[in-house]
Amino acid sequence: MEILFKEKQKIDSIWPLSILATVLVFNWFLYFRMGYTDITFFYICLSSFGILSLYLGTLRMETEIDANEIRYKIFPFKSKWQTIPLNQIKSLEVRSYKAFKEFGGRGSRTKRGQSAITLAGNQGLQIHFKSNQKLSLLIGTLKPDEIKEVISKLNLK
356 MEILFKEKQK IDSIWPLSIL ATVLVFNWFL YFRMGYTDIT FFYICLSSFG
406 ILSLYLGTLR METEIDANEI RYKIFPFKSK WQTIPLNQIK SLEVRSYKAF
456 KEFGGRGSRT KRGQSAITLA GNQGLQIHFK SNQKLSLLIG TLKPDEIKEV
506 ISKLNLK
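Counting from 356, one number per residue, gives the positions in the sequence shown under the working numbering.
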């Protein structure tokens, strides 16, 4: 099947690394400038910085839309595609959202019957399902205009 829309997102936030880097510099100052001899905590901070950098570097979300379904996955947590057949969808819309206010943060979140999968930005594809009026899913996107074009081409009944 021909893919109508494809997007790969990486995390857009650098603040966790900034906080860890600040702690690492502070620890470096304490241990090497102030004469501390036990540098275990410095190595723990250095390891944490490395692990978090690796984690943020590999974290990505992929979204694909074709004429029959919408697919998404968040690597490394869900490496298999999660699919939503279009015949299960009542309506689609692109909307703005506030990740922390509406869902309590980014990533894969559920709050008050709404699920969200977001990594970056403040725009998303809101999916309302036929089977349950209260259940919906928001998939974050950095390409809202492209996704609007694709939605207009889809034949939802």
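All residues carry an ideal CB built from backbone N, CA and C; glycine is no exception.
Query: Bridge partner(s) assigned by DSSP for Phe492; Result: Reading off the sequence, residue 492 comes out as Leu, not Phe. Answer is Ser470, Ile482, bridged to Leu492.
Query: Outcome for Tyr427 when other beta-carbon atoms lying within 10 angstroms are tallied against a minimum of 16; Result: buried
Query: Neighbour-count burial assignment, Met416, 16 or more Cβ in a 10 Å radius; Result: buried
Query: Minimum C-alpha distance to Leu592 - residue among Ile369, Lys485, Tyr386; Result: Residue 592 lies beyond the residue range present for the chain, which begins at 356 and ends at 512; the question has no answer from this structure.
Query: Cross-strand partners of Glu424 (DSSP beta bridge); Result: Pro440
Query: Option nearest Ile482 by Cα separation, candidates Ser507, Trp436, Ile425, Gly459; Result: Ile425
Query: Beta-carbon proximity of Leu509 to Leu441, cut-off 8 Å; Result: yes
Query: Beta strand (DSSP E) segment containing Lys503, residue limits; Result: Segment 499-508 is the alpha helix (DSSP H) holding Lys503; no beta strand (DSSP E) there.
Query: Beta-carbon proximity of Leu480 to Leu490, cut-off 8 Å; Result: no
Query: Cβ neighbour criterion (16 or more within 10 Å) applied to Ile502; Result: buried
Query: DSSP-derived helix/strand/coil call for Lys546; Result: The structure shown does not extend to residue 546, since the chain is modelled only from 356 through 512, so no value can be given for it.
Query: Cutoff 8 Å: Ile366 Cβ touching any chain D Cβ; Result: The structure shown contains no chain D; it is built from a single protein chain.
Query: Meets three-Cβ-pair contact criterion under 8 Å: the stretch 395-406 and the stretch 449-469; Result: no
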